[in-house]
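Trainee: Heads up: the sequence shown begins at 147 in this note's numbering, then just goes up one per residue.
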Amino acid sequence: MNLETKINNLMKNLIILCAIAALLINACKTDNIRSFIPGTYINNAGSEFSIANDTLVIEPSENSSFYIHRKTGFNLVTDGKIGKREHETENWNAVYDESSRKLTEIKKGKLITFYPDSAKIKVGNRTYQKIN
147 MNLETKINNL MKNLIILCAI AALLINACKT DNIRSFIPGT YINNAGSEFS
197 IANDTLVIEP SENSSFYIHR KTGFNLVTDG KIGKREHETE NWNAVYDESS
247 RKLTEIKKGK LITFYPDSAK IKVGNRTYQK IN
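1. With 16 as the cutoff for other CB atoms within 10 Å, does leucine 149 come out buried or exposed?
2. Under 8 Å: do the segment 208–217 and the segment 240–253 share three or more Cβ pairs, one atom per stretch?
3. Which residue comes first and which comes last in the beta strand (DSSP E) that contains alanine 191?
4. Should arginine 272 and aspartate 225 be called a contact, given that it needs their Cβ atoms to be closer than 9 Å?
5. Determine the closest residue to glutamate 234 out of Asp243, Pro206, Asn221, Ile228, with distance taken between C-alpha atoms.
And the structure:
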């Protein structure tokens, strides 16, 4: 076997190893996101019109599906005065997309993006902090 053939074989093996490494890295990232998803997330927001606290509890379902329970407590503000505390609850179903690494809420199409490094998620423009 001459030197050129050895170099070609070495390059082919190197390309195959790089492709396998890239697939493994991608698989680990997906698992990292997917394992991060279940938990409880909170968001606090306020304006001159209201003060609100949201809690999202995300639970795995079957396959790539998740249940999301949203509880919101809010006070309307009228003429600078804070009104009585009100509460709302919603239950969402969402599907995890392996390629985008996002959840899509089925009914309204809300996209949920995950940031495991900072323990945060985004639902549209709202940022939630993971607390457990």
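Ideal Cβ placement from N, Cα and C applies to all residues, glycine included. The structure presented is a predicted model; accordingly, all values stated were derived computationally and were not measured.
Mentor: Checking against the coordinates, here is how it stands:
1. Start at 1 with the first residue of the sequence shown, and residue 149 comes out as number 3. Exposed, by the Cβ-count rule.
2. yes
3. Your numbering for residue 191 matches position 45 in the sequence shown. Taken as a continuous stretch (DSSP letters only), the beta strand (DSSP E) holding alanine 191 covers 185–192.
4. As a first step, residue 272 is located in the sequence shown; it is residue number 126 there, counting from the start. As a first step, residue 225 is located in the sequence shown; it is residue number 79 there, counting from the start. Result no, Cβ atoms of arginine 272 and aspartate 225 do not sit closer than 9 Å.
5. Walking along the sequence shown from the start, residue 234 turns up at place 88. The shortest Cα separation from glutamate 234 among Asp243, Pro206, Asn221, Ile228 belongs to Asn221.
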